[in-house]
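One structure is given below, encoded as structure tokens.
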DNA sequence: TAATATTGTCGCAGATTGAGACAATATTAA
DNA sequence: TTAATATTGTCTCAATCTGCGACAATATTA
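Protein chains in written order, with the numbering used here: chain A, 40 to 272; chain B, 40 to 272.
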């Protein structure tokens with residue numbers, strides 16, 4: 040157990056979605072002096088639930104508790120085992136490899152996606168990285184290892200789950216307009232939706248509470264504000 | 040690396056579905072002299088893809104290659120860490136623990152479900168178990184650890200995926216009648232479906248090929264036989 | 001006061017779904 | 001040989017859902 044109290048061979052990666060400027064974005068880390076971009080990830084302590092490990096990592100990266108989180112796949116191919124990548128990251132940080140050789144071993148990574156309110160987040164790098172920043176899905180840098188595949192699968196799973204639950208709400212502030220909610224859905228699905236149909240469908244689910252109108256200062260009729268009614272899905 | 044060439048801390052469990060007697064059934068192992076029942080599972084070799092490890096295990100348990108297989112969740116709570124269970128199994132087999140202490144360590148288990156043609160399978164126990172047999176979902180014995188939860192989640196995921204793809208077909212022989220297909224769906228969903236509506240919907244998907252009629256010997260109009268047309272989903 | 005951009009809602013046509021009905025047919029009973 | 005029976009293949013009809021345009025309401029600007 041020379042692995043600093045972490046389980047060997049097991050890692051997690053997280054695809055943290057936010058919504059801003061009518062676009063879906065995710066958090067990406069950039070490692071010191073390597074030009075390497077990666078998903079936020081981490082390891083699991085010996086006495087820690089896998090899910091708790093991920094929440095711990097999310098808290099460190101975003102400052103948030105109580106995040107909407109969904110596990111979607113465990114990536115376990117041999118092809119993703121590239122010790123030279125981890126070695127480069129360690130060396131760029133002047134770390135000796137003593138006691139860290141377990142990091143060069145093979146890992147199976149359990150991937151999660153999270154949905155958060157963009158405005159509440161303070162992206163925070165870790166010791167090995169010099170940035171943790173938002174990137175729009177259509178403007179991602181090249182990601183290391185199989186992280187691009189992980190992002191693709193995260194988005195696909197999110198789309199599949201979108202119809203079952205009203206998860207899109209987790210990407211918005213407590214109060215939001217129908218138009219904002221529609222824009223979230225359009226960003227996730229990658230297609231335009233008909234305004235009337237969307238509103239009719241969402242309201243028919245009976246889980247939105249309508250509030251007083253919001254006078255935005257724009258040259259048009261003021262929209263209602265809504266909030267989510269019910270337990271976190 | 041005293042773990043016989045397997046990755047530490049990582050296991051898999053498989054929920055292998057078959058259809059027989061109008062019921063959904065799964066394969067359950069019974070361990071020697073312990074009264075313990077469990078899902079078929081195993082470990083991942085150092086130079087082996089996670090998915091390949093599961094297929095290797097399925098081949099051993101069922102004799103089949105090319106199985107419809109879907110990963111659905113990685114179970115990683117600390118609560119599932121109960122070394123005394125594994126110890127009891129080993130002792131009941133007169134195994135010394137020398138060289139096997141890695142088996143008493145904590146494991147995260149990646150769970151898969153498989154859909155197979157019941158009639159093609161020859162259930163085969165492994166060295167530690169004295170049976171590998173079919174159990175109907177509503178007549179399962181008590182399963183060790185969190186395996187009951189794994190089964191529940193497998194069934195739920197299967198139901199969710201059922202509408203998206205025509206996966207139910209994987210539970211039937213190459214040639215089948217519309218009634219048989221409907222019975223598979225009813226067994227999975229746990230509810231009766233309307234005959235006319237079901238047939239219309241399935242045929243509208245355009246992925247079934249109709250063959251000549253099948254004279255069953257029953258006192259009624261002979262049904263058509265169908266086969267699945269297209270690539271394995 | 002008129003023009004403009006959105007919003008909230010409605011109505012209609014087409015598609016989908018749920019449920020029953022009826023003829024066709026393979027076998028058994030008379 | 002013929003009638004009875006059980007199941008199959010298909011159809012129809014009503015109810016519901018969906019896509020899409022239309023129209024009035026309204027907050028601001030010209």
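Each residue gets a CB set at the ideal place from its N, CA and C atoms; glycine is no exception.
Every value quoted in this text rests on a predicted model; they were computed, and no experiment measured them.
Q. How is the beta strand (DSSP E) around residue 264 (chain A) delimited, first residue to last?
A. Taken as a continuous stretch (DSSP letters only), the beta strand (DSSP E) holding residue 264 (chain A) covers 263-267.
Q) Quick one, are the C-beta atoms of residue 150 (chain A) and residue 189 (chain A) less than 7 Å apart? A) Yes. Within cutoff.
(Q) Rounded to the nearest angstrom, what separates residue 128 (chain B) and residue 260 (chain B) at their Cα positions? (A) Roughly 54 Å between the two C-alpha positions.
**Q.** Contact residues within the stretch 140-162 of chain A, judged by C-beta distance below 8 Å to chain B
**A.** Going along the stretch 140-162 of chain A in chain order, one finds 145, 147 and 149 with a Cβ nearer than 8 Å to chain B.
Q. Is it a yes or a no for the stretch 78-86 of chain A touching the stretch 42-54 of chain A, going by three-plus beta-carbon pairs under 8 Å?
A. The stretch 78-86 of chain A vs the stretch 42-54 of chain A: in contact.
Q: Please report how far the alpha carbon of residue 201 (chain A) lies from the alpha carbon of residue 207 (chain A), in whole angstroms.
A: Their Cα atoms are separated by approximately 7 Å.
Q: Just the chain B side, please: which residues come within less than 8 Å of residue 235 (chain A) by C-beta, in chain order?
A: What residue 235 (chain A) touches in chain B: nothing, since even the nearest Cβ is about 26 Å away.
Q. At least one CB of chain A closer than 7 Å to the CB of residue 128 (chain B): is that the case?
A. With 7 Å as the cut-off, residue 128 (chain B) does not count as an interface residue toward chain A.
Q.
Check whether chain A comes within 7 Å of residue 47 (chain B), counting only Cβ atoms and requiring the distance to be less than that.
A. Judged by the 7 Å Cβ criterion, residue 47 (chain B) is in contact with chain A.
Q) What three-state label does DSSP hand residue 91 (chain B) in the structure shown? A) It is helical.
Q | Reduced DSSP secondary structure (H/G/I, E/B, other) of residue 42 (chain B) | A | Residue 42 (chain B): coil per DSSP, three-state reduction.
Q) Can you round the beta-carbon distance between residue 180 (chain B) and residue 172 (chain B) to whole angstroms, since I take them to be within the 8 Å contact cut? A) The Cβ separation is near 10 Å, so there is no contact.
Q.
Can you check which of these residues, A:87, A:77 and A:107, is closest to residue 155 (chain A) by C-alpha distance?
A. Measuring from the Cα of residue 155 (chain A), the nearest candidate turns out to be A:107.
Q) What residues from chain B crowd round residue 116 (chain A), counting only those whose CB sits closer than 8 Å? A) Think of a sphere of 8 Å around the beta carbon of residue 116 (chain A): the chain B residues whose beta carbon falls inside it are 88, 89 and 90, in chain order.
Q: Using a cut-off of 9 Å between C-beta atoms, extract the partners of residue 206 (chain B) located in chain A.
A: What residue 206 (chain B) touches in chain A: nothing, since even the nearest Cβ is about 14 Å away.
Q | Coarse secondary structure for residue 80 (chain B), derived from DSSP in three states | A | Taken through DSSP and simplified to helix, strand or coil, residue 80 (chain B) comes out as strand.
**Q.** Residue interval of the alpha helix (DSSP H) (run including residue 224 (chain B))
**A.** Where residue 224 (chain B) is concerned, the enclosing alpha helix (DSSP H) stretches over 217-228.
Q) Taking 7 Å as the CB-CB cut-off, is residue 166 (chain B) touching chain A? A) The beta carbon of residue 166 (chain B) does not come within 7 Å of any beta carbon belonging to chain A, so the residue lies off that interface.
Q. If you scan the stretch 164-189 of chain B from start to end, which runs of the beta strand (DSSP E) of 3 or more residues do you find wholly inside it?
A. Counting whole runs of 3 or more residues, the stretch 164-189 of chain B contains the beta strand (DSSP E) stretches 168-175.
Q. Whole-angstrom Cβ separation of residue 252 (chain B) and residue 263 (chain B), contact assumed at under 8 Å?
A. That belief holds up - the Cβ atoms of residue 252 (chain B) and residue 263 (chain B) are roughly 6 Å apart, short of 8 Å.
Q. Would residue 218 (chain B) pass as a contact of residue 225 (chain B) if the rule is Cβ separation under 7 Å?
A. No.
Q | Presumed contact (8 Å Cβ cut-off) between residue 210 (chain A) and residue 57 (chain A), rounded CB distance | A | About 7 Å; that satisfies the 8 Å criterion.
Q) So residue 154 (chain A) is in the beta strand (DSSP E); what residue range does that whole segment cover? A) Segment 147-154, the beta strand (DSSP E) holding residue 154 (chain A).
Q: Would you identify the three-state DSSP class for residue 243 (chain A), choosing helix, strand or coil?
A: The DSSP-derived three-state label of residue 243 (chain A) is helix.
Q | Limits of the beta strand (DSSP E) - the one that residue 69 (chain B) falls within | A | Residues 62-70.
Q.
Using the Cβ count rule (16 or more neighbours within 10 Å means buried), how would you classify residue 254 (chain A)?
A. Exposed is the call here.
Q. In the structure shown, what three-state DSSP assignment does residue 237 (chain B) receive?
A. DSSP places residue 237 (chain B) in the helix class (H, G or I) of the three-state scheme.
Q | Close-in-space but distant-in-sequence residues of the same chain around residue 110 (chain B) (CB under 6 Å, 5 per side omitted) | A | Contacts found: 151.
(Q) If I follow the unbroken beta strand (DSSP E) through residue 113 (chain B), where does it start and stop? (A) Residue 113 (chain B) -> beta strand (DSSP E) spans 107-114.
Q: Determine, using beta carbons only, whether residue 226 (chain B) comes closer than 7 Å to chain A.
A: No, residue 226 (chain B) lies away from the interface with chain A (no Cβ there is under 7 Å from its Cβ).
Q.
Need the endpoints of the alpha helix (DSSP H) that residue 128 (chain A) sits in, please.
A. Counting along the chain, the alpha helix (DSSP H) containing residue 128 (chain A) begins and ends at 122-131.
Q. How many angstroms separate the CA atom of residue 105 (chain A) from the CA atom of residue 95 (chain A)?
A. Rounded to whole angstroms, the gap between the alpha carbons of residue 105 (chain A) and residue 95 (chain A) is 11 Å.
**Q.** Per-residue burial, residue 115 (chain A) [other beta carbons within 10 Å of its own, 16 or more giving buried]
**A.** By the 10 Å Cβ count, residue 115 (chain A) comes out buried.
Q: Return yes when the Cβ of residue 145 (chain B) is within less than 7 Å of the Cβ of residue 112 (chain B), no when it is not.
A: No.
Q: Compare the C-beta of residue 13 (chain A) against all C-beta atoms of chain B and say whether one is closer than 7 Å.
A: Residue 13 (chain A) lies beyond the residue range present for chain A, which begins at 40 and ends at 272; the question has no answer from this structure.
Q) When we look at the beta-carbon of residue 268 (chain A) and count the other beta-carbons within 10 Å, is it buried (16 or more) or exposed? A) Burial call: exposed.
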